[in-house]
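**Q** Sequential numbering from 43 applies to the sequence shown in the working numbering. We put the beta carbon where it would ideally sit given N, CA and C, even for glycine.
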Amino acid sequence: MKILLIKITLRASWVHSLKEKRMVVKSLIQRLKNKFNVSVAEVDNQDVHQTIVIGLAGICSTNAQIDSTFENILNFIEINTDAEIINIESDKDIF
43 MKILLIKITL RASWVHSLKE KRMVVKSLIQ RLKNKFNVSV AEVDNQDVHQ TIVIGLAGIC
103 STNAQIDSTF ENILNFIEIN TDAEIINIES DKDIF
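Written as structure tokens, this is what we have:
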């Protein structure tokens with residue numbers, strides 16, 4: 043069993059209120075959950091309008107599946123949001 047952990051920081055320069063940010067974050071989180079069957083949450087900078095930090099966790103059976111899922115998640119985020127990815131932290135644990 044392999045565990046994929048990702049922390050992604052995005053910049054949404056067009057967002058001017060927390061309400062607007064919340065709409066973007068909720069939509070992105072729900073689409074990621076539905077598409078990849080992973081756990082997703084906003085994990086940091088909840089009070090900063092233009093910065094979105096989301097954490098993802100998923101369980102995979104092989105290293106190849108982890109790598110594939112990781113790449114697919116990044117591609118999905120780039121395609122489905124106008125926010126710019128500014129940082130990616132990843133950890134892969136083996137149990």
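Using a Cβ-Cβ cutoff of less than 7 Å, which residues in the same chain neighbour I128 once the five nearest sequence positions on both sides are dropped?
**A** Answer for I128: T51, L52 and R53, listed in chain order.
**Q** According to DSSP, simplified to helix, strand and coil, what is A54?
**A** Coil, per DSSP.
**Q** Straight-line CA distance for L74 to M65?
**A** Their backbone Cα atoms lie some 14 Å apart in a straight line.
**Q** Please state whether DSSP places N114 in a helix, a strand or coil.
**A** In this structure, N114 counts as helix in the three-state DSSP scheme.
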